[in-house]
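S.K.: What follows is a single structure, and I will ask about it in a moment.
Protein chains: 2
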Amino acid sequence: MFIKKHQDQNSLARTGELTTAHGTIKTPTFMPVGTKATVKTLSNQEIKNIKSEIILANTYHLYLRPGADLVEKMGGLHKWMNHNIPMLTDSGGFQVFSLGRQGNVKIDDNGVTFKSHLDGSSHYFTPEKAIQIQHQLGADIIMAFDECAPADSSKEYFKKAMTRTHNWLIRSIKEHQKLLKDKESPLLFGIVQGGMHQDLRQESAKFINSLDLPGNAIGGLSVGESKKDMYEMISAVTPHLSENKPRYLMGVGTPEDLVEAISRGIDMFDCVNPTRIARHGSFWNQDGQHTIRNKRFEFDSAPLDQDCDCEACQNHSRSYIRHLLVEKEILGLRLLSIHNLHFLINLGRQSQEAIEKNQFQAFKDNFLSQYLQR
Amino acid sequence: MFIKKHQDQNSLARTGELTTAHGTIKTPTFMPVGTKATVKTLSNQEIKNIKSEIILANTYHLYLRPGADLVEKMGGLHKWMNHNIPMLTDSGGFQVFSLGRQGNVKIDDNGVTFKSHLDGSSHYFTPEKAIQIQHQLGADIIMAFDECAPADSSKEYFKKAMTRTHNWLIRSIKEHQKLLKDKESPLLFGIVQGGMHQDLRQESAKFINSLDLPGNAIGGLSVGESKKDMYEMISAVTPHLSENKPRYLMGVGTPEDLVEAISRGIDMFDCVNPTRIARHGSFWNQDGQHTIRNKRFEFDSAPLDQDCDCEACQNHSRSYIRHLLVEKEILGLRLLSIHNLHFLINLGRQSQEAIEKNQFQAFKDNFLSQYLQR
Numbered sequence: 069m070f071i072k073k074h075q076d077q078n079s080l081a082r083t084g085e086l087t088t089a090h091g092t093i094k095t096p097t098f099m100p101v102g103t104k105a106t107v108k109t110l111s112n113q114e115i116k117n118i119k120s121e122i123i124l125a126n127t128y129h130l131y132l133r134p135g136a137d138l139v140e141k142m143g144g145l146h147k148w149m150n151h152n153i154p155m156l157t158d159s160g161g162f163q164v165f166s167l168g169r170q171g172n173v174k175i176d177d178n179g180v181t182f183k184s185h186l187d188g189s190s191h192y193f194t195p196e197k198a199i200q201i202q203h204q205l206g207a208d209i210i211m212a213f214d215e216c217a218p219a220d221s222s223k224e225y226f227k228k229a230m231t232r233t234h235n236w237l238i239r240s241i242k243e244h245q246k247l248l249k250d251k252e253s254p255l256l257f258g259i260v261q262g263g264m265h266q267d268l269r270q271e272s273a274k275f276i277n278s279l280d281l282p283g284n285a286i287g288g289l290s291v292g293e294s295k296k297d298m299y300e301m302i303s304a305v306t307p308h309l310s311e312n313k314p315r316y317l318m319g320v321g322t323p324e325d326l327v328e329a330i331s332r333g334i335d336m337f338d339c340v341n342p343t344r345i346a347r348h349g350s351f352w353n354q355d356g357q358h359t360i361r362n363k364r365f366e367f368d369s370a371p372l373d374q375d376c377d378c379e380a381c382q383n384h385s386r387s388y389i390r391h392l393l394v395e396k397e398i399l400g401l402r403l404l405s406i407h408n409l410h411f412l413i414n415l416g417r418q419s420q421e422a423i424e425k426n427q428f429q430a431f432k433d434n435f436l437s438q439y440l441q442r
Numbered sequence: 069m070f071i072k073k074h075q076d077q078n079s080l081a082r083t084g085e086l087t088t089a090h091g092t093i094k095t096p097t098f099m100p101v102g103t104k105a106t107v108k109t110l111s112n113q114e115i116k117n118i119k120s121e122i123i124l125a126n127t128y129h130l131y132l133r134p135g136a137d138l139v140e141k142m143g144g145l146h147k148w149m150n151h152n153i154p155m156l157t158d159s160g161g162f163q164v165f166s167l168g169r170q171g172n173v174k175i176d177d178n179g180v181t182f183k184s185h186l187d188g189s190s191h192y193f194t195p196e197k198a199i200q201i202q203h204q205l206g207a208d209i210i211m212a213f214d215e216c217a218p219a220d221s222s223k224e225y226f227k228k229a230m231t232r233t234h235n236w237l238i239r240s241i242k243e244h245q246k247l248l249k250d251k252e253s254p255l256l257f258g259i260v261q262g263g264m265h266q267d268l269r270q271e272s273a274k275f276i277n278s279l280d281l282p283g284n285a286i287g288g289l290s291v292g293e294s295k296k297d298m299y300e301m302i303s304a305v306t307p308h309l310s311e312n313k314p315r316y317l318m319g320v321g322t323p324e325d326l327v328e329a330i331s332r333g334i335d336m337f338d339c340v341n342p343t344r345i346a347r348h349g350s351f352w353n354q355d356g357q358h359t360i361r362n363k364r365f366e367f368d369s370a371p372l373d374q375d376c377d378c379e380a381c382q383n384h385s386r387s388y389i390r391h392l393l394v395e396k397e398i399l400g401l402r403l404l405s406i407h408n409l410h411f412l413i414n415l416g417r418q419s420q421e422a423i424e425k426n427q428f429q430a431f432k433d434n435f436l437s438q439y440l441q442r
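This is the structure:
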């Protein structure tokens, strides 16, 4: 359950504690994504070292391979991964609908037929099925099955997809309650949709919020729209989502988006961005985003970030890490992944401290003025 | 310097201690290869955790990229890698001559012209140059520049290559002494050549041994010959190499070859094999070499090796590691690399214990009867 701890006096930012079956998460926080039941390149110990309090896994990927039956038979995600940390699974909705762009998806009010990106085999997901799979996987927080309409859809279609998402949420809740029996977990979150339309977003937020779920999420953002548009949608939605429930902005993961969304009342974030840009040789520090392959780092004996206490910054120079990336050595991908995840998680923790002191606005302005200076 | 500690009573196996500028190595031991100044997939801490006492780096690769000048400017390998462990660099000879098969190498008595595998650029190595580069890299043990003749060469050519290797060793020693000045490190090792010809191998061993270097190596084995032939060559050579110097068998790295060579008086080994087979999904345990992708491991909750205390075996099941390999997830490559390196290093340590008790022959027979049973 969620307890709101402190409301910043000059913004919608707040701190809170979300308790799950595997522990309590302090918010605002960034959640590393472990798509296939592994946060790319990191060990469980490293996830602990970067002070991650919760990780994600993806239902779509695990359903296709190795299959939810295997994970369930092996004792669920926690036991199979040997990781006793809060976990969240998404519903598979986002992945299924991303495939729609290749014309491989058929949607009706009952569910979605899609083709596997692995072997082209045909599969059928319903809200019930998505909930069943997530119960098999055994995460602490699970997500309702939603329709994420393409960014270029008409407003009419966004409304249709939103309504369908709402109906699917009702069915998700019923299936979830059936499976819960006497258990207290997992916690089910609903998802606000509505594209880039403030009125739809508000309508969706009010509906989702009315169902009094343990948490409310915002989906369908950070899908190509401008940052300004994204921030406006967040601002339109959060006032309609209960103060006493965690607010989870799905798929968002840059430093600037984190602080902007926190100031608008968001508590939880996830994104593959930190590990993905790491694999492309990019890293963040207070001065912005940089490419380690840049020639200027060749003889640079400084750490990636002077103020950072992650394993990469405590042990290695930009010169050495640059060499590892140039040579495509796995240790290089590891070090940049650790650093980038640590950077976002630490940004969440720094935000918590600033909020507790009612100084979040100054913290945010200060951070952005240096981070975006270039 | 090397101190022989204990001679097994029933074989040529012995224990010893080799002291370098960065610490003392107990032998027999396996040395992980960090070709490009990183042991593939492992962090420094993991190298410590698997109780590796020394690691290698490759002169050829580092010379081409990032260049020995960069490594020297950054303070040498230890400082650049931030790893305070004994290190050994090879001379580049093996790599340069492997390129010969593509017709990209010209050898004369003075040195070798070769083309970079990276960009086709032309380079010239002499024994002096190979020693200079290794002094720049700053390892604790360096190797003389040798000619590794192709396996299908005539006996006449093997003799010619051996003689050239001997002459190059004299020049390597001179250059090394010039660069040493008042320093005590690095230690220079010579390399025995001679193909699969016992008489040449013995001639080469006697010559190399007569130069009274801090250590003697055997090159040009494990290059495609039968295991029987390789073991015969080792048996022909070791009696001619001083008991009071470490004997290093280059490029050897399977469990069975380790115990066979140890029984013939070998003290040091290196090979990319443990990390390479890991990347292909293979691992060792007492029962032999296995492929983790095998369907029979799908629901297997046992560790890779029941008797192993490495990070992979202490934390993860075959089922989970199999999934990681199937999904090409980096954590899977990490876990198998750690396990395989630990397996060989532990085999060295178990051999040390058996030798100290004069039970090496029984240890070896017992190990091989189970390992080779299939």
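Here the protein sequences come in this chain order: E and V. Quick note, the numbering used here runs 68 ahead of the 1-based positions in the first sequence. Quick note, the numbering used here runs 68 ahead of the 1-based positions in the second sequence. Idealized CB from N, CA, C, for every residue including glycine.
Under three-state DSSP, which class holds G288 of chain E?
M.R.: coil
S.K.: Does the distance from the C-beta atom of T97 of chain E to that of G416 of chain E stay below 8 Å?
M.R.: Their beta carbons are under 8 Å apart, which means T97 of chain E touches G416 of chain E by this criterion.
S.K.: In the structure shown, what three-state DSSP assignment does N235 of chain E receive?
M.R.: It is helical.
S.K.: Going along the region 382-403 of chain E in order, which residues come within less than 9 Å of chain V, judged by CB to CB distance?
M.R.: N383, H384, S385, S387, Y388, R390, H391, L392, V394, E395, E397, I398, L399, G400, L401, R402, L403
S.K.: Just mark G188 of chain V as buried or exposed, buried being the case when its beta carbon has 16 or more other beta carbons within 10 Å.
M.R.: exposed
S.K.: Which residues of the region 347-378 of chain V have a Cβ closer than 8 Å to any Cβ of chain E? Give them in chain order.
M.R.: E366, F367, S369
S.K.: Would you call the CB atoms of G179 of chain E and Y192 of chain E closer than 8 Å?
M.R.: yes
S.K.: Identify the contact partners of M149 of chain E in chain V, using a Cβ-Cβ distance below 7 Å as the criterion.
M.R.: Y388
S.K.: Between K104 of chain V and chain E, is the shortest Cβ-Cβ distance under 8 Å, so that the two count as touching?
M.R.: yes
S.K.: Going by C-alpha to C-alpha distance, which of E:D76, E:L404, E:P342, E:K396 sits closest to P371 of chain E?
M.R.: E:L404
S.K.: Does the region 193-200 of chain E come within contact of the region 155-163 of chain E, defined as at least 3 CB pairs closer than 8 Å?
M.R.: Touching, per the Cβ criterion.
S.K.: Assuming S387 of chain V contacts F411 of chain V (C-beta within less than 8 Å), just tell me the rounded distance between them.
M.R.: Wrong, their Cβ atoms sit about 20 Å apart, outside the cutoff.
S.K.: Can the beta-carbon of K313 of chain V be found less than 8 Å from the beta-carbon of G283 of chain V?
M.R.: yes
S.K.: Identify the continuous alpha helix (DSSP H) that holds R332 of chain E and give its terminal residues.
M.R.: First-last for R332 of chain E: undefined, no H or E at that position.
S.K.: Hey, could you find the ends of the beta strand (DSSP E) R82 of chain E is sitting in?
M.R.: 82-88
S.K.: Would you list the residues sitting across from N353 of chain V in a DSSP beta bridge?
M.R.: V:G356
S.K.: Apply the 10 Å Cβ neighbour rule to A219 of chain E and answer buried if 16 or more other Cβ atoms are within range, or exposed otherwise.
M.R.: exposed
S.K.: Measuring CB to CB, does K339 of chain E end up less than 8 Å from G288 of chain E?
M.R.: In the sequence on display, residue 339 of chain E carries Cys and not Lys. Their beta carbons are not under 8 Å apart, which means C339 of chain E does not touch G288 of chain E by this criterion.
S.K.: Using a cut-off of 9 Å between C-beta atoms, extract the partners of L138 of chain E located in chain V.
M.R.: E366, F367, S387, H391
S.K.: Any beta carbon from chain E within less than 8 Å of S111 of chain V's own beta carbon?
M.R.: Yes, contact with chain E.
S.K.: Please determine if the region 290-309 of chain E and the region 242-256 of chain E are in contact, where contact requires at least 3 C-beta pairs separated by less than 8 Å.
M.R.: Result no; under three Cβ-Cβ pairs closer than 8 Å.
S.K.: Taking only the alpha-carbon atoms, compute the straight-line gap between K174 of chain E and A125 of chain E and give it to the nearest angstrom.
M.R.: 25 Å
S.K.: Rounded to whole angstroms, what is the Cα-Cα separation between P134 of chain E and R315 of chain V?
M.R.: 47 Å
S.K.: Give the range of the alpha helix (DSSP H) segment to which L130 of chain E is assigned.
M.R.: 127-132
S.K.: Using only CA atoms, which one of V:G319, V:E324, V:A285, V:S294 lies nearest to S310 of chain V?
M.R.: V:A285
S.K.: Express the C-alpha separation of I389 of chain E and D368 of chain E in angstroms, rounding to a whole number.
M.R.: If you draw a straight line from the Cα of D368 of chain E to the Cα of I389 of chain E, it comes to about 10 Å.
S.K.: In the DSSP assignment, what residue or residues form a beta bridge with P254 of chain E?
M.R.: None, per the DSSP bridge assignment.
S.K.: How would you list, in chain order, the residues of chain V whose beta-carbon sits under 8 Å from the beta-carbon of P134 of chain E?
M.R.: E366, H391, V394
S.K.: Among the candidates V:L205, V:S111, V:L186, whose CA atom is the shortest distance from the CA of G143 of chain V?
M.R.: Out of V:L205, V:S111, V:L186, V:L205 has the C-alpha closest to the C-alpha of G143 of chain V.
S.K.: Tell me the DSSP secondary structure of G91 of chain E in three-state form.
M.R.: Of the three classes helix, strand and coil, the one that applies to G91 of chain E here is strand, per DSSP.
S.K.: Could you tell me the distance, in whole angstroms, from the CA atom of C378 of chain V to the CA atom of N117 of chain V?
M.R.: Rounded to the nearest angstrom, the two C-alpha atoms are 8 Å apart.
S.K.: In the DSSP assignment, the alpha helix (DSSP H) including V394 of chain E goes from what residue to what residue?
M.R.: From DSSP, the alpha helix (DSSP H) with V394 of chain E extends over 386-394.
S.K.: Taking the alpha-carbon positions, what's the L255 of chain E to I210 of chain E distance?
M.R.: 6 Å
S.K.: How would you label G91 of chain E, buried or exposed, when you count the other beta carbons within 10 angstroms and need 16 or more for buried?
M.R.: exposed
S.K.: Could you tell me whether the Cβ atoms of I201 of chain E and T106 of chain E are closer together than 8 Å?
M.R.: no
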